[in-house]
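Here is the structure we will look at.
There are 2 protein chains.
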Amino acid sequence: MDYQPQNTRSRRTATAATKLTAKGRRTRARIIDVAARLIWERGVTATTLEDVKLAAEVSSSQLYHYFVDKERLVNAVIEHQADKLVNTTEDADLGTTERLAAWRDLVIEHASAIHGQGGCPLGSLGSQLAEADPAARTLVSAGFGRWTRAIQDAMRSLHGQGRLREGLDPDDLAVTVLAALQGGLLLAQVHRDPRPLQTTLDTIFQMAGLTGPNGVPAS
Amino acid sequence: MDYQPQNTRSRRTATAATKLTAKGRRTRARIIDVAARLIWERGVTATTLEDVKLAAEVSSSQLYHYFVDKERLVNAVIEHQADKLVNTTEDADLGTTERLAAWRDLVIEHASAIHGQGGCPLGSLGSQLAEADPAARTLVSAGFGRWTRAIQDAMRSLHGQGRLREGLDPDDLAVTVLAALQGGLLLAQVHRDPRPLQTTLDTIFQMAGLTGPNGVPAS
Numbered sequence: 329m330d331y332q333p334q335n336t337r338s339r340r341t342a343t344a345a346t347k348l349t350a351k352g353r354r355t356r357a358r359i360i361d362v363a364a365r366l367i368w369e370r371g372v373t374a375t376t377l378e379d380v381k382l383a384a385e386v387s388s389s390q391l392y393h394y395f396v397d398k399e400r401l402v403n404a405v406i407e408h409q410a411d412k413l414v415n416t417t418e419d420a421d422l423g424t425t426e427r428l429a430a431w432r433d434l435v436i437e438h439a440s441a442i443h444g445q446g447g448c449p450l451g452s453l454g455s456q457l458a459e460a461d462p463a464a465r466t467l468v469s470a471g472f473g474r475w476t477r478a479i480q481d482a483m484r485s486l487h488g489q490g491r492l493r494e495g496l497d498p499d500d501l502a503v504t505v506l507a508a509l510q511g512g513l514l515l516a517q518v519h520r521d522p523r524p525l526q527t528t529l530d531t532i533f534q535m536a537g538l539t540g541p542n543g544v545p546a547s
Numbered sequence: 329m330d331y332q333p334q335n336t337r338s339r340r341t342a343t344a345a346t347k348l349t350a351k352g353r354r355t356r357a358r359i360i361d362v363a364a365r366l367i368w369e370r371g372v373t374a375t376t377l378e379d380v381k382l383a384a385e386v387s388s389s390q391l392y393h394y395f396v397d398k399e400r401l402v403n404a405v406i407e408h409q410a411d412k413l414v415n416t417t418e419d420a421d422l423g424t425t426e427r428l429a430a431w432r433d434l435v436i437e438h439a440s441a442i443h444g445q446g447g448c449p450l451g452s453l454g455s456q457l458a459e460a461d462p463a464a465r466t467l468v469s470a471g472f473g474r475w476t477r478a479i480q481d482a483m484r485s486l487h488g489q490g491r492l493r494e495g496l497d498p499d500d501l502a503v504t505v506l507a508a509l510q511g512g513l514l515l516a517q518v519h520r521d522p523r524p525l526q527t528t529l530d531t532i533f534q535m536a537g538l539t540g541p542n543g544v545p546a547s
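Heads up: the sequence lines are chains A and B, in that order.
To get our numbering, take the position in the first sequence, counting from 1, and add 328.
To get our numbering, take the position in the second sequence, counting from 1, and add 328.
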C-alpha cells in the first residue's frame, strides 16, 4: 500500500536554507526549533510570530529574512518535526522485539513525564491544519508517508524473522502501529493520562504476537 | 481502566438550553448544528461567529442571546459531537461480529465518500483545542470517556460470547479500537485517502480474532 507521499519538501524553504551562510543556517534552525516547541506547547493559532521572535531572540527583520510569513514558518516546522520523528524511528531500528519494546518504553516514558501534553508533534499539526491549509496538509501527508515506510522496514524485518502472528501482513501492521500511536497519543493528550497510549501499544503488540500480555518480548 | 471522565457537561450551557421555549431550543440547536458542520469542514480557527450567523440565518443579537462568545459555542459543539458519536455507537450495538462488521463498513464508506476530510468530529476538536483551551479539553476528555465505555460494553459482550482471541482483555481492546479509529481517521484526513483507516480497523479486528483476513466475520 502506498499513499503516494511524494517528496513535497518546499522548494522555496529548501533554497532558502542552502543559500545561507553557516551562521545564517544556525539562526534559521534556531527559529524553527523555537517555533516547533511553542507550537507543540500551545497549538498553531496561539503561537504568534511575535512569540517566536522573542523566544528565539531575533529581530523582526531577521525573522522576516528567513520566513516572510507564518505559513512559511509553519511549513518549515512540519518538515522539522517529520524529519525528527522519521530519524528517531530509523535510529531506533525497531526490527527486533527487544528494540521494539525499548522504543515502546521510551514513547510511554516521554508521554508520562508530560502527562500526554502536546500529542504527536506531527499528528497534532495535521489535525490543526488539514482543512484550513492544503499546502500544510500535503507536507504532513509526506511526513507520515516517510514515517510509515520507516515502520514498514521494521515490521518486514520482524516478519522475515518469523516473529509476527501467522497471516499478518507486515505493511498493514506498520500502518496500524502508526495509527494506534497517533490515536493513543491523542487520547493521552485529551485525558492528560498516558494510560490509553500504553494500553493501545501493548494490546497491538500482544495481538501481533510480538509480546506477551505483560509487555515483555515474546520468546 | 477508567480515565475519570466525570460528567462535565457545562452547567451554564445546560441551564441555557433548559430555560428556553421550544422555538428557542430549536434555534439554539440549529446554531450548534451549523457551527459543528463549519468547524468540522474548516477547523475551529477558520470558523468565525459571523460565518455561523450567516449560515444559521440568525441575527447577531440572536446568536449572542444563545452564546455570549465563540468559546461557549465551541463547548456546545464539543458536547453535540460527543453525544452524536456516543449515541451512534450505542445504537449500532457492536456486541456481535456481524454488527461490528456493519459498523466498520459504515465508517469506511463515510470516510471514502469525503476522501477522509475532517477527521473524527470529536478527535479533531481535541487536537485543535487541547493545549489552548483547558475547558474544551476537559469536555473532549469527558466525551471520549463516554465513547470508550460504549465500546467497552460491546467488547465485553463479544468477550462473553467467547469471540475474542484468548488472553485479550475486552476493556483494553475497547481503548485500542477507539485509538485505532482516531489514528486511522487522522491518517485518512491528511492523506485524503480512506485506506489507512480501513487497513487499521481490519488489522485490529483480524488480530483480535473477530474477522478473517478478508474482513468477513470469523465464524
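Backbone N, C-alpha and C define an ideal beta-carbon position, used for all residues, glycine too.
Backbone CA spacing between residue i and residue j [nearest angstrom]
i	j	result
B:R310	B:D500	Look at the range of chain B in this structure, 329 to 547, and you will see that residue 310 of chain B is not part of it.
B:I406	B:Y394	16 Å
B:V402	B:A363	8 Å
B:S388	A:R474	47 Å
B:E494	B:Q534	13 Å
B:A383	B:A404	17 Å
A:A536	A:A410	26 Å
B:V380	B:L513	26 Å
B:G471	B:D361	17 Å
A:L529	A:T539	10 Å
A:H487	B:P522	25 Å
B:V386	B:H408	19 Å
B:E459	A:L525	18 Å
A:T378	A:L457	It should be noted that the sequence gives Glu, not Thr, for residue 378 of chain A. The alpha-carbon atoms of A:E378 and A:L457 are separated by roughly 20 Å.
A:L496	A:V414	24 Å
B:L353	B:I359	Reading off the sequence shown, one finds Arg at residue 353 of chain B, where the question assumed Leu. Spanning the two alpha carbons is a distance of roughly 10 Å.
B:T531	A:T355	45 Å
B:T376	A:I479	40 Å
A:W368	A:E399	16 Å
B:L391	B:K412	23 Å
B:T416	B:T527	22 Å
B:E287	B:V505	Because chain B spans 329 through 547 in this model, residue 287 of chain B falls outside it and cannot be assessed.
A:R365	A:R427	27 Å
A:L515	B:L515	16 Å
A:A357	B:D397	38 Å
B:Q489	A:P545	29 Å
A:P498	B:P498	24 Å
Contact belief for residue i with residue j at Cβ below 8 Å, rounded distance in angstroms
i	j	result
B:T466	A:T373	Not quite, the Cβ-Cβ distance comes to about 19 Å (not below 8 Å), so this is no contact.
B:R370	B:G444	About 15 Å separates the two Cβ atoms, so there is no contact after all.
A:S455	B:S452	5 Å
B:V518	B:T476	24 Å between Cβ atoms; not a contact.
Proximal residues of chain A, C-beta to C-beta of residue i below 8 Å
i	result
B:D500	T527, D530 and T531
Proximal residues of chain A, C-beta to C-beta of residue i below 9 Å
i	result
B:R370	E459 and A460
B:V435	Residues of chain A passing the Cβ test: none, with the nearest at roughly 13 Å.
B:V386	Under the 9 Å cutoff, chain A gives no residues; its nearest Cβ is about 24 Å from B:V386.
Listed by chain order, chain A residues near residue i by CB distance under 7 Å
i	result
B:T373	T373 and A460
B:A536	M535
B:S469	V518 and H519
B:R465	V518
Neighbouring residues, chain B, relative to residue i (Cβ below 9 Å)
i	result
A:H393	Neighbours of A:H393 on chain B: none; closest Cβ ~27 Å, over 9 Å.
A:P522	Residues of chain B passing the Cβ test: none, with the nearest at roughly 11 Å.
A:V396	Residues of chain B passing the Cβ test: none, with the nearest at roughly 21 Å.
Distance cut-off 7 Å: residue i Cβ against heavy atoms of the ligand ADP
i	result
A:P522	As presented, the structure is devoid of all ligands, the ligand ADP included, so that no description of it is given.
Per-residue contacts from residue i into chain B (C-beta, under 8 Å)
i	result
A:V380	Those within 8 Å of A:V380 in chain B number zero; the least Cβ separation is about 16 Å.
Measuring CB atoms only, is the region 430-441 of chain A touching the region 430-443 of chain B, in the sense that at least three cross pairs come out at less than 8 Å? no
Are the region 411-427 of chain B and the region 481-495 of chain B touching by the rule of at least three beta carbon pairs closer than 8 Å? yes
Assess, as a yes-or-no matter, whether the region 347-361 of chain B is touched by the region 446-463 of chain A under the definition of 3 or more beta carbon pairs within less than 8 Å. Contact fails: fewer than three Cβ-Cβ distances are below 8 Å.
Just by C-beta distance, which residues in the region 505-517 of chain A are closer than 8 Å to chain B? L506, A507, A508, L509, Q510, G511, G512, L514, L515 and Q517
Touch check for the region 448-459 of chain A and the region 505-513 of chain A: three-plus C-beta pairs under 8 Å? A contact exists between the region 448-459 of chain A and the region 505-513 of chain A.
Where the region 398-425 of chain B meets chain A: residues whose CB sits under 8 Å from a CB there: none
Against chain B: residues of the region 438-455 of chain A by CB proximity under 8 Å: Closer than 8 Å at the C-beta level to chain B, one finds these residues of the region 438-455 of chain A: Q445, G446, G447, G451, S452, G454 and S455.
Which residues of the region 473-498 of chain A have a Cβ closer than 9 Å to any Cβ of chain B? Give them in chain order. G473, T476, R493, G495, L496 and D497
Along the region 352-366 of chain B, what residues have a CB closer than 9 Å to any CB found in chain A? none
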